[in-house]
Amino acid sequence: MRLSKEVYRDDHSSNTKQIFYNDKKQITGILETGKNDTAEHGLLSVYEYTGENYRVVKYGHETKSYTAFKTKGHAILGASDWHTVDEAFSTREYKFENGLLVADHYHNIHHGTKESLNYTYQNGLKVSETRIREDGTVLKTNYTYQNGILQSQLLLSNGQFSEQIIYVYGNNQALLEEQRFNKHKETQYLASEKKFFYNAKKEVEKTEYYGRYDGKMVLYRTEEAIRQGNVLTKKEASFSGIEQVIGYYDLAALHDTLKERSMEWAVPMYDKKYAEKPVFDAQSCTIEKYDDRENVTELKLVDPHTRETYWTTFFRNEYNDKSQLEFTICYRIVDGGKMEESSIKKFYYAD
């Protein structure tokens with residue numbers, strides 16, 4: 310069964326999303342409508358197919374095409390020449406070869422801008438992605454693999470080195486490190502990296518973020534995801550203030566950038582001693598509970614210092630006989646510890 314409708318409602322707004330299909334089970338249109346205390350809005354997406362390629366044309370609620378759809382209903386999607394692209398907000402064209410996306414062309418008619426993406430493949434794996442921006446800038450990403458596993462990304466801007474990402478794996482092909490290289494003058498250098506740590510179930514339990522400061526790699530943020538049964542506790546801590554100044558080749562390069570941004574006042578602050586004694590501060594802590602279908606049933610926001618819970622939300626999830634989510638009701642805790650409905654989201658399906 311395919312999703313055909315979503316309805317969301319809270320104290321101040323409501324939104325509806327309807328999805329329409331043809332006999333080939335392809336999406337032919339999506340109608341999104343909403344209203345709040347002061348206004349109503351709508352967006353219509355029309356899908357047009359040519360073989361395996363298709364185009365998506367989006368219309369705002371103020372257009373004649375949108376009005377025609379609202380007047381005649383979704384049956385009009387099977388007709389021709391009923392909507393006018395000139396009044397559309399945007400168009401997006403997708404082109405495929407042998408089932409693989411090879412081109413994605415976007416035109417924002419409202420703002421008069423265009424952007425295109427082109428992809429190439431080898432043995433079914435994407436080996437390059439070329440993005441042409443409105444100003445003519447060409448951004449290209451080259452991908453390399455070993456035994457089908459991504460090893461690196463090389464990013465070029467107008468043919469010049471911009472950035473490279475290297476992936477380091479363990480014996481079981483678990484990703485251990487993600488290394489990001491930048492360039493200073495003629496030297497490529499390690500600017501930042503992530504390190505991943507796993508539990509016995511091969512789930513990421515901790516992520517460490519490192520950045521280059523004064524020629525050395527400095528740990529500046531940690532994220533933890535501790536799983537106990539159906540409970541997931543997320544914690545984050547960071548070296549406050551350093552994230553915006555890491556990744557530079559050396560202090561001279563950092564100071565030059567600060568001066569270019571009219572931040573000369575900050576140069577004395579970021580000296581050689583700044584990162585010698587990092588002080589980590591707990592930033593956040595959330596506790597999430599899930600049902601057996603991996604949808605959240607409870608969310609707690611906890612003060613990472615006092616461990617006191619300052620916000621709790623409960624979710625009631627109901628499913629149909631095909632285990633598809635039918636609705637979710639969100640409850641907040643009000644005075645006296647009572648639960649009060651704050652929003653509901655319903656899902657409808659079609660054969």
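Everything in the sequence shown is counted per the working numbering, starting at 310 for the first residue and increasing by one. The C-beta atom is built at its ideal place from N, Cα and C for all residues, glycine as well.
- Across the set S651, G382 and D644, the C-alpha of G382 shows the shortest separation from the C-alpha of W391.
- Pairing V527 with Y519, the inter-Cα distance amounts to about 5 Å.
- In the three-state DSSP reduction, Q497 falls in the strand class (E or B).
- Residue environment analysis places I555 among the buried positions, since at least 16 neighbouring C-beta atoms fall within 10 angstroms of its C-beta.
- A direct Cα-Cα distance of roughly 26 Å separates L352 from C639.
- One alpha carbon belongs to T621, the other to Y356, and they sit about 41 Å apart.
- For the region 344-381, the full-length beta strand (DSSP E) segments reaching 3 residues or more read 349-359 and 362-369 along the chain.
- In the three-state DSSP reduction, Q482 falls in the coil class, being neither helix nor strand.
- Looking at the backbone, the Cα of E341 and that of Q327 are separated by about 6 Å.
- A check of alpha carbon separations from T372 across Y363, A546, E396 and N362 identifies E396 as the nearest.
- It is roughly 20 Å from the alpha-carbon of S461 to the alpha-carbon of V447.
- Using a Cβ-Cβ distance cut-off of 8 Å, the region 310-319 and the region 649-658 are in contact, since at least three pairs of beta carbons, one from each stretch, lie closer than that value.
- In the structure shown, Q335 adopts coil according to DSSP, grouped into three states.
- In the assembly as shown, E502 is a buried residue. Its beta-carbon has 16 or more other beta-carbons within 10 Å.
- The alpha-carbon of M310 is positioned some 5 Å away from that of D660.
- Per DSSP, reduced to three states, the secondary structure at G645 is helical.
- A residue is called buried when at least 16 other Cβ atoms come within 10 angstroms of its Cβ; L312 does not meet this threshold and is exposed.
- With a cutoff of 8 Å on beta-carbon distance, E597 and L541 are scored as near each other.
- Excluding its 5 nearest sequence neighbours in each direction, P587 has C-beta neighbours in its own chain below 8 Å: V527, L528, Y529, F548 and I551, listed in chain order.
- Of all alpha-carbon atoms in T393, F329, L386 and T429, the one lying nearest the alpha-carbon of F405 is that of T429.
- Here K367 is buried: its Cβ has 16 or more other Cβ atoms, across all protein chains shown, within 10 Å.
- In summary, Q473 is buried, with 16 or more beta-carbon neighbours lying within 10 Å of its beta-carbon over all protein chains present.
- Bounds of any beta strand (DSSP E) do not take in H419, whose DSSP letter is neither H nor E.
- Counting along the chain, K568 sits inside the alpha helix (DSSP H) bounded by residues L560 to E569.
- Collapsing the DSSP output to three states places V588 in coil.
- E603 carries a coil assignment under DSSP once its states are collapsed to helix, strand and coil.
- Around the beta carbon of G338, 16 or more other beta carbons sit within 10 angstroms, so the residue counts as buried.
- In terms of CA proximity to T516, E533 leads the group N508, K510 and E533.
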